[in-house]
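Novice: Following this message is one structure expressed as structure tokens.
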Amino acid sequence: MKHVCLEIYGGCLEQHSLKGRLLLGTESQVDAYGVYPVEFPAMPHLPHRYRQWRDAYHGYAKNTRLGASGNQITNIGTQQPTLLKEVRQNYTDLVTTLGTWLHNTRICYLCEEQINEQTSLSKEQTSFFGLGNFILPPPMNEIHRISVQTDFVELWRYPWHDWTPIRQHSNLDVVFSPMVYQSLKSSTAHHEGVRILAIFGASGDLDLKGDLEALRALPNVELHCLRSPQLSELYSLWCQPWDILFFAGHSQGNGIIINNEEEPLEIRELYRTLERAVAQGLKLAIFNSCNSIPLGQFLIQLGLPHAIVMREAVPNIAAELFLKYFLQNFHGGADLYAAVAQARSQLRELSRCDDHLPGTSALPLICRHPQARCLHWHHLRRSEAPAVTVGVSGGDRSSPRVSKFPAFLYWCRWQLELAQLLPHAQDPSRWVTAIPGGCSPQRPQQNYQEAFANVAHWVCGLERTIGGFSPQAELAFFFPALEAEARQLLARISSQQLLPYLESLVVEQRGLPRVRAAFLIAQQYPNVSHLSTAFQVLEDTLRQDTKPQVREELLAECQQFLKELDAKLVRSVWDSTTGERLQQFLQRLLHYPQQSNRLKLAIASVLITAKGRWAVEASNVALEIFRNSSYLEDVILASRCLHQAGVQQWEVVGRLERYLGLATVQSHQIALAGALGLVSPNHPQAIDTLELIIEQQAYDLETLMAAVRALHRISPEHPLVLATLRSLLVKAQETQDILGFYYGLAALDDLQQPLTPYISTTVIPWVCQKIAVFKAQEEPYLMAPYTVLWYCSRHISYQEFANFWQ
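Start counting the sequence shown at 3; every next residue gets the next number (our numbering).
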């Protein structure tokens with residue numbers, strides 16, 4: 003056992019538990035020894051304890067002159083002892099609360115054998131690392147690190163290193179990784195010595211001589227220093243390869259102060275420069291400056307292997323001593339993780355930094371790229387950059403990792419097919435798709451249950467898997483097609499079996515997935531109780547998430563679901579206390595100041611659906627926007643609301659006709675024709691306009707497809723729709739036009755037309771070539787080829803697909 007990884011999804015401990023996974027493995031395969039779902043309980047006290055300590059810490063540091071005398075922080079005023087005691091108590095409370103939260107974590111789906119093993123290990127728990135109900139088997143000295151992979155930044159700021167199971171192992175470190183990142187950049191250096199670019203920003207009241215001395219003490223190092231540089235001097239990052247980038251000075255969040263003449267420099271302003279530095283072989287960045295987590299995160303997302311940052315404001319002497327200890331350890335033979343862990347212990351025990359400012363020794367933090375292997379000093383000196391780790395989530399992958407994609411693709415399809423079988427179908431030969439490589443045919447009952455969990459997540463729009471495979475970056479590219487197929491399967495899946503997994507999402511998730519799950523339950527089991535729950539979930543989510551875009555999407559989803567439910571059932575729930583409360587909330591939301599017209603119209607549309615006492619008021623709001631707004635999008639959305647309410651139809655049709663006659667831009671013509679055809683079915687002006695655009699085919703593919711979709715919406719049986727799509731597919735296949743092929747297949751699939759005439763094994767090689775080209779050129783169209791491969795998996799066997807995969 004050499005690697006423990008915790009993936010944590012979500013980001014609100016005050017009210018909701020978090021989901022995640024525990025991965026046990028090696029450097030080369032992080033899930034080699036097992037993958038277990040994890041539930042992290044809600045812990046409202048933890049964020050509160052953190053804020054208490056942080057406020058006291060910053061208050062104490064602000065009132066203390068941070069000067070150096072030997073290894074101590076000096077000149078503490080007469081009023082400081084009381085404040086210092088408060089900082090110490092708050093830090094103790096924070097560490098204790100963090101430990102309680104981790105202790106209450108639960109590892110799910112342990113088999114009986116594993117539970118028995120855990121019971122025997124628990125007798126010796128003090129010598130092993132334990133997380134909740136799970137204890138890692140010995141020996142602990144083989145574990146290099148514990149990786150925490152999450153985009154919930156607040157978790158990065160907690161003092162994991164002072165949690166007892168970590169602190170009692172001096173060489174064990176906790177490192178943090180983002181969930182989203184570019185692939186790891188690898189470059190072979192052409193120099194013998196280690197090259198360090200050190201940037202010393204505007205120091206102000208800081209004494210940075212100690213940092214410079216620590217760097218100069220390194221033997222056989224090519225050190226280049228920039229002191230308070232002008233922006234143009236950072237050209238060194240662009241034109242020369244470096245192994246280590248070092249920064250000392252003032253920083254806060256995403257910005258650094260490089261000199262006294264310019265405003266703080268946002269790290270994103272150096273995007274291309276830093277990207278080039280990483281591509282040329284930069285392996286480590288050290289930000290020996292305050293609150294530098296965002297700086298490290300940004301570089302890791304660019305493909306940098308490692309960065310060392312500070313969680314909070316750091317005393318000058320502590321930053322200086324940490325750098326000295328770390329460089330001595332790292333150059334002396336310790337790997338990067340052990341070097342940082344040892345430096346923390348030295349800050350705590352040799353320099354007694356925590357005595358003067360509790361929590362100081364836990365400030366240094368390693369940000370790690372999920373594909374990076376452990377770094378040693380000799381990797382820098384002899385150009386022995388460690389290889390890419392295999393089998394982790396996010397970003398592009400090296401060729402050994404990418405080769406797993408066919409198995410993962412068919413595993414996703416396998417889950418959809420498993421969920422349609424009866425629980426007693428335990429004979430693998432009865433499964434429709436042959437089991438792809440990497441999937442175990444054992445324990446079919448468990449696989450069957452996992453399939454239900456996966457379908458529930460996919461149909462609610464959650465881009466993650468429960469078991470079988472690590473989350474794959476490629477999933478994001480074909481996920482919309484997978485989600486659509488999962489929704490189509492609901493009618494063929496046992497609702498009773500799926501219900502527990504949807505209910506768990508209602509309880510555990512926030513935002514749109516939770517609302518989707520609640521309405522899906524009402525759709526699968528249509529009754530007053532379930533629909534009332536869905537209304538409550540919608541109201542709670544609208545109250546919690548105030549972003550206009552999110553609210554618009556929530557309301558649009560709600561309206562779509564209500565259209566598909568029995569009208570009498572919907573009417574009865576709207577008339578209930580729950581429905582009345584939701585209408586009152588929406589009515590208040592409708593009149594919030596500075597509310598966008600888009601959100602007003604989304605609210606109005608739902609209130610009109612309710613047909614309650616506020617429906618007339620909502621119609622009046624829509625009519626006012628329709629008459630007064632100069633934005634075409636507002637006019638079109640308002641026309642749909644008024645059509646839904648049956649208000650002022652003649653006025654709506656007349657204005658849309660005038661606008662359509664004046665429009666010269668094709669996208670405007672398509673939008674207006676679609677709206678006109680909706681409020682006035684089979685309107686000749688709308689149909690003629692769309693026919694002309696399609697027959698000309700003079701503009702880009704997206705314009706053509708928008709016209710085809712609009713024509714199908716207002717005239718579903720129009721022959722031009724299918725004829726255009728079939729012609730597009732034949733031409734795209736002949737010219738290997740991946741975007742045209744993708745658009746055509748996706749549209750035919752939406753229309754539930756067969757794709758078989760256009761899919762064969764000959765498609766796979768050229769689609770794979772397009773993937774390689776798009777990745778090399780960093781094109782933003784990877785959804786097209788990956789979705790085509792998803793459609794291929796429906797009609798081509800796994801073995802045939804794998805044989806043609808490149």
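All C-beta atoms in this analysis are idealised placements derived from N, C-alpha and C, irrespective of residue type, glycine included.
Fair warning: this is a prediction, and the values are worked out from it, not measured in the lab.
Should Arg466 be labelled buried (16 or more other beta-carbon atoms within 10 Å of its own) or exposed?
Specialist: Counting Cβ neighbours within 10 Å, Arg466 comes out buried, since at least 16 surround it.
Novice: For Ala70, which residues of its own chain have a beta-carbon under 8 Å away from its beta-carbon, when the five flanking residues on both sides are left out?
Specialist: Confidence is the limiting factor: at Ala70 the pLDDT is only 38, short of 50, which leaves the residue's position unreliable, though a coordinate-based value still follows. These residues qualify, in order along the chain: Thr76, Asp209, Gly212, Asn318, Ile319 and Glu322.
Novice: Using a 10 Å radius around the Cβ and a threshold of 16 neighbouring Cβ atoms, would you call Trp413 buried or exposed?
Specialist: Buried, since its Cβ has 16 or more Cβ neighbours within 10 Å.
Novice: Once you ignore the five residues that flank Ser19 on each side, which residues in its own chain have a CB closer than 8 Å to its CB?
Specialist: Only Glu41, Phe42, Pro43, Ala44 and Glu510 meet the Cβ criterion.
Novice: Quick check on Val765: does DSSP put it in helix, strand or coil?
Specialist: If DSSP states are grouped into helix, strand and coil, Val765 belongs with the helices.
Novice: Rounding to the nearest angstrom, what Cα-Cα distance links Lys285 and Leu276 in this structure?
Specialist: Their Cα atoms are separated by approximately 12 Å.
Novice: Ala315: which of Leu365, Leu338 and Val775 sits nearest, CA to CA?
Specialist: Among Leu365, Leu338 and Val775, the Cα nearest to that of Ala315 is on Leu365.
Novice: Using a threshold of 7 Å, state whether the C-beta atoms of Val89 and Tyr62 are closer than that.
Specialist: Yes, these two residues count as a Cβ contact at 7 Å.
Novice: Go to Tyr11, then tell me how far its beta strand (DSSP E) extends in each direction, as first and last residue.
Specialist: Note, Tyr11: beta strand (DSSP E), His5 to Tyr11.
Novice: In this structure, what does DSSP give as the bridge partners for Val150?
Specialist: In the DSSP output, where bridge partners are listed per residue, Val150 has Leu8 and Phe178.
Novice: By Cβ distance below 7 Å, which residues in the same chain neighbour Leu507 in space, the five residues on each side in sequence not counted?
Specialist: Excluding sequence neighbours, Leu507 sits near Ala458, Cys462, Pro515, Arg516 and Ala519.
Novice: Look up Ala749 in the DSSP assignment and say whether it is helix, strand or coil.
Specialist: The answer is helix: DSSP assigns Ala749 an H, G or I state.
Novice: Tell me the rounded alpha-carbon separation between Val311 and Asn92.
Specialist: For Val311 and Asn92, the distance between alpha carbons rounds to 23 Å.
Novice: Would you kindly work out how many angstroms separate the C-alpha atoms of Val654 and Gln698, rounded to a whole number?
Specialist: Approximately 29 Å between the Cα atoms of the pair.
Novice: Let me check one thing: in DSSP terms, what residues is Tyr38 bridge-paired to?
Specialist: Bridge partners of Tyr38: Leu24.
Novice: Between which two residues does the alpha helix (DSSP H) carrying Pro550 extend?
Specialist: Pro550 to Glu566 is the extent of the alpha helix (DSSP H) around Pro550.
Novice: Considering only the alpha carbon of each residue, which of Ile740, Leu557, Gln499 and Val342 lies closest to Ser607?
Specialist: When each option's Cα is compared against that of Ser607, the closest is Leu557.
Novice: Once you ignore the five residues that flank Pro266 on each side, which residues in its own chain have a CB closer than 6 Å to its CB?
Specialist: So the list reads Gly257 and Ile259, once near-sequence residues are dropped.
Novice: Please confirm whether Gln282 and Pro231 have their CB atoms less than 7 Å apart.
Specialist: No; because the gap between Cβ atoms is not below 7 Å, this pair is not in contact.
Novice: For Thr99, I'd like the list of residues in its chain whose CB is within less than 8 Å of its CB, leaving aside the five on either flank, ordered along the chain.
Specialist: The residues are Met45, His47, Leu48 and Arg51.
Novice: Determine the closest residue to Ala833 out of Lys406, Leu349, Leu658 and Leu588, with distance taken between C-alpha atoms.
Specialist: Outside the displayed span of the chain (3 to 808) sits residue 833, for which this structure offers no information.
Novice: On the three-state DSSP scale, how would you describe Gly251?
Specialist: Coil, per DSSP.
Novice: Rounded to the nearest angstrom, what separates His797 and Ser641 at their Cα positions?
Specialist: Roughly 42 Å between the two C-alpha positions.
Novice: Distance cutoff 7 Å, beta carbons only. Does Ile145 sit that close to anything in chain D?
Specialist: Among the chains of the structure shown, chain D does not appear; only one protein chain is present.
Novice: Grouping DSSP H, G and I as helix and E and B as strand, with all else coil, what is Ala315?
Specialist: Coil.
Novice: Return the first residue and the last residue of the beta strand (DSSP E) that Cys369 is part of.
Specialist: Looking at the DSSP string, the run of the beta strand (DSSP E) that includes Cys369 is Pro366 to Arg370.
Novice: Mind checking which residues open and close the beta strand (DSSP E) that includes Ala287?
Specialist: Element bounds for Ala287: Leu286 to Asn290.
Novice: Would DSSP call Gly810 helix, strand or coil?
Specialist: Look at the range of the chain in this structure, 3 to 808, and you will see that residue 810 is not part of it.
Novice: Which runs of the alpha helix (DSSP H) fall wholly inside the region 593-619 and span at least 4 residues, in chain order?
Specialist: Counting only runs of 4 or more, we get 599-612.
Novice: Can you tell me which of the three DSSP states Leu15 falls into?
Specialist: DSSP places Leu15 in coil when its eight states are reduced to three.
Novice: Whole-angstrom Cβ separation of Ile368 and Asp175, contact assumed at under 8 Å?
Specialist: The pair is a contact, with the Cβ atoms about 6 Å apart (cut-off 8 Å).
Novice: Closest by CA to His378, which one among Tyr183, Ala340 and Glu476?
Specialist: Of the listed residues, the one whose Cα sits closest to His378 is Ala340.
Novice: Can you tell me which residues form a DSSP beta bridge with Phe202?
Specialist: BP columns for Phe202 point to Arg229 and Ala250.
Novice: Helix, strand or coil, according to DSSP, for Val539 in the structure here?
Specialist: Helix at Val539.
Novice: Ala677 and Ile638: beta carbons closer than 7 Å?
Specialist: Yes, the pair counts as a contact, with Cβ atoms nearer than the cut-off.
Novice: What residue range is occupied by the uninterrupted alpha helix (DSSP H) comprising Asn805?
Specialist: That run of the alpha helix (DSSP H) goes Tyr800 to Phe806.
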